[in-house]
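**Q** Next up is a structure, given as structure tokens.
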Amino acid sequence: MKTTAHAMKLALDLAWDYQLLTFPNPAVGAVCISADGAILSVGAHKVAGGPHAEVYALRDAYSLLSGDNTLAECYDAHTIHDYLRTHHNNIFNSVSMAVTLEPCSHSGKTPSCALLIRDLGIKELFIACKDPNPQAANGGKILEDAGIKCTFEVMESEGQKLLEPFIKWQNSPFVFFKWAQRLDGTIDNGIISSEMSRKHVHALREQCDLIVIGGNTVRHDRPSLDARLVNGKAPDVLIYSQKSDFDITIPLFSIPNRQVFIASDFERIKEYRLVMIEGGVGMFEASREVCDWYLSYIAPKIGGGLQTLGIITEDFEVLHAKITDNIILWMKKK
Ligand code: AOF
Ligand code: ZN
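Written as structure tokens, this is what we have:
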């Protein structure tokens, strides 16, 4: 694979690790490349308000090239921007970057990446997608006007997939259905996915403003549906059920600062922006029309369960797959 494609693939993979976790910002990845084509550093935007992807990549490339580790443990965007601007010493003049999104032109919660890249004198940029946010867009133009060569649309279709949730939640809710399964397809009976996967789910719950769950799952599992594994805030809950006779000692009803709704339709979803649906066959079928994406954690286990999603017929496109101690599959309907 050519260096540019390899670097962009790395940037995309890294960005996917934080997909939805950057809400309401997009997931973005960035890679710094040396003059001889070596990967110097990688970065991803991790959380809204935190440093942008480029800033992490530039921070680590700076440490590597200069030997100055002052910024090594710095996670504050303003501090990194200011330090790099005053200390770069033209160290970046032979460095190129691959970025999944054009560097932002604006100062939002953090300063402009395009202006930083310009001021550091980066040699060349490879960009997958233009920024669909008009306030932050046209960073590429700033860089081209400063004489920095920019190549646009590098692996653009892959970059667009990454941006889909960000584009959707600008005007309407982005909804995804999540489940964990064993290799034999079973989805019931106890803990299925790894601790890392469950922490990932809790981190996603923290970003979501609503969780939708089936009435039978609530009665049977008595869940909390909170984000305790990451000490996060619990989202509101919509219990999708024809009947509203729930035992209110079920933990999800006593989480502070949470609203719980019970309804036999999905109208409530329209009031939210990032919505996770949890459940089995019934929820899958019922939520088909409102669901944008599907997220599955596949655990390397066989046995221990009985129920599967096997009576459903569906064909998915894989948007991204990550293999860790579980397989994490992001998908949408074909
Ligand atoms: C980038 N790199 O990693 C991201 C970008 O409020 P702020 O400062 O965090 O800016 C958020 C906006 O910046 C967001 O809406 C999107 O347009 C862009 N996101 N840009 O150069 C990144 N996450
Ligand atoms: Zn930026």
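Residue 1334, in the working numbering, is where the sequence shown stops; the numbers in between run on with no holes.
All residues carry an ideal CB built from backbone N, CA and C; glycine is no exception.
Using only the alpha-carbon positions, how far apart do R1205 and N1089 sit?
**A** 43 Å
**Q** What does DSSP give as the partner residues of F1316 in its beta bridges?
**A** Per DSSP, K1333.
**Q** Please work out which residues of its chain come closer than 6 Å, Cβ to Cβ, to S1244, disregarding the five sequence neighbours upstream and downstream, and give them in chain order.
**A** In the same chain as S1244, and ignoring 5 residues on each side of it, the C-beta atoms closer than 6 Å to its own belong to I1262, in chain order.
**Q** Could you give the distance in angstroms between the alpha-carbon of K1130 and the alpha-carbon of A1027?
**A** 13 Å
**Q** Among residues of its own chain, excluding the 5 on either side of I1302, which ones have a beta-carbon nearer than 7 Å to its beta-carbon?
**A** Contacts found: R1182, L1183, D1184.
**Q** For L1040, name the three-state secondary structure that DSSP assigns.
**A** strand
**Q** From the DSSP output, which residues share a beta bridge with W1293?
**A** F1176
**Q** Output the residues surrounding the ligand AOF, defined as those with a CB atom closer than 5 Å to any ligand heavy atom, in chain order.
**A** N1025, V1028, H1045, H1052, A1053, P1103, C1104, G1108, K1109, T1110, C1113, D1131, N1133, A1136
**Q** Using the Cβ count rule (16 or more neighbours within 10 Å means buried), how would you classify S1287?
**A** buried
**Q** Distance check for L1101 and E1285, CA to CA, integer angstroms please.
**A** 35 Å
**Q** Which word fits I1248, buried or exposed, when buried means at least 16 other C-beta atoms lie within 10 angstroms of its C-beta?
**A** exposed
**Q** Out of curiosity, what's the CA-to-CA distance linking G1310 and V1099?
**A** 39 Å
**Q** Less than 8 Å between the C-beta atoms of A1077 and P1051, yes or no?
**A** yes
**Q** Could you tell me the distance, in whole angstroms, from the CA atom of R1219 to the CA atom of F1246?
**A** 7 Å
**Q** Using the three-state DSSP reduction, which class does L1183 fall into: helix, strand or coil?
**A** coil
**Q** Cα separation between L1143 and N1093?
**A** Roughly 14 Å separates the two Cα atoms.
**Q** H1006: which of A1072, W1016, I1039 sits nearest, CA to CA?
**A** I1039
**Q** Out of curiosity, what's the CA-to-CA distance linking G1067 and C1032?
**A** 16 Å
**Q** With a 10 Å radius around its C-beta and 16 neighbouring C-beta atoms as the bar for buried, classify E1153 as buried or exposed.
**A** By the beta-carbon neighbour count (other beta carbons within 10 angstroms, threshold 16), E1153 is exposed.
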